[in-house]
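First comes the structure, then the notes that go with it.
Numbering (the numbering used here), first residue to last: 106 to 374.
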């Protein structure tokens, strides 16, 4: 007869050896970096301002947002990403009066090169940041991903040609807008989890960049109200790592099993 401890140890050993359970988890994380780059003035940036611009101003000059999240610091390395969605809150709309009333398609494109956030625009109101601010060394601008000498391969940012996700954004200020999960959006985040060194985030682009005064400005991670800052919701599945005591039981069970088998073998010989 095996003693209860031995039976328990063997049961744990078999259970752990067969499989590790998987746990589905939903988390929401804030942005690690965000900034705006401006076609004109091309040497201006906005890395610490309150708004992330996407679209064209009244002089027909596009603005693009840059945005990234620390995936590897928030999700277990071995996890499988199931779904992803991004939520931004609208802070300002282009156009006079009530703003541009035409819903605009705002796209997320995966960035393929690193960039600098910087502290330009710190303390400025949204209304005063539409032209950006003179870039400091290391800031992202329209021509440079790290101002002044490390340039984008293509002015305006290096990014995948196809959008990872898109959504329609109207002119209702303070409303949340969500980019729903797509296979490409999931692939982006899974890739950043598996290879953190290649996590450069997304660029936020208004699909109608040739339409004057169609821009949308979203609150950034520097906005005072945390509830209106960028938020990335991630659903993932990861293996449950047993507690140290479980590993100890596992090892003890294997040892006892081996000892019993050896003793049994000796008796037969």
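Think of the CB as a built atom: it goes at the ideal place given N, C-alpha and C, for glycine as much as any other residue.
Inter-residue Cα distance where the pair is residue i and residue j
i           : j           : result
residue 171 : residue 157 : 8 Å
residue 134 : residue 166 : 32 Å
residue 136 : residue 200 : 28 Å
residue 221 : residue 331 : 23 Å
residue 291 : residue 207 : 29 Å
residue 246 : residue 334 : 22 Å
residue 303 : residue 205 : 36 Å
residue 193 : residue 344 : 31 Å
residue 315 : residue 168 : 11 Å
residue 352 : residue 187 : Low local confidence applies: a pLDDT of 48 at residue 352 is under 50, so the model's placement there is unreliable, and no value is given.
residue 312 : residue 272 : 10 Å
residue 143 : residue 250 : 12 Å
residue 219 : residue 252 : 12 Å
Helix, strand or coil at residue i [DSSP, three-state]
i           : result
residue 180 : coil
residue 299 : helix
residue 231 : helix
residue 201 : coil
residue 343 : strand
residue 146 : coil
residue 246 : coil
residue 106 : Residue confidence is low: residue 106 scores 47 on pLDDT, short of 50, so the model does not pin down where it sits. Its coordinate-derived value is still stated next. Reduced to three states, the DSSP call for residue 106 is coil.
residue 140 : strand
CB contact below 8 Å: residue i versus chain D
i           : result
residue 245 : You won't find chain D in this structure, because it holds only one protein chain.
8 Å Cβ cutoff met for residue i and residue j
i           : j           : result
residue 298 : residue 224 : no
residue 127 : residue 341 : no
residue 140 : residue 310 : no
residue 263 : residue 337 : no
residue 189 : residue 286 : yes
residue 328 : residue 195 : no
residue 257 : residue 191 : no
Inset, instruction - Report yes or no: do the segment 143-150 and the segment 239-259 share at least 3 C-beta pairs separated by less than 8 Å? - result: The segment 143-150, when compared against the segment 239-259, does touch it at the 8 Å Cβ threshold.
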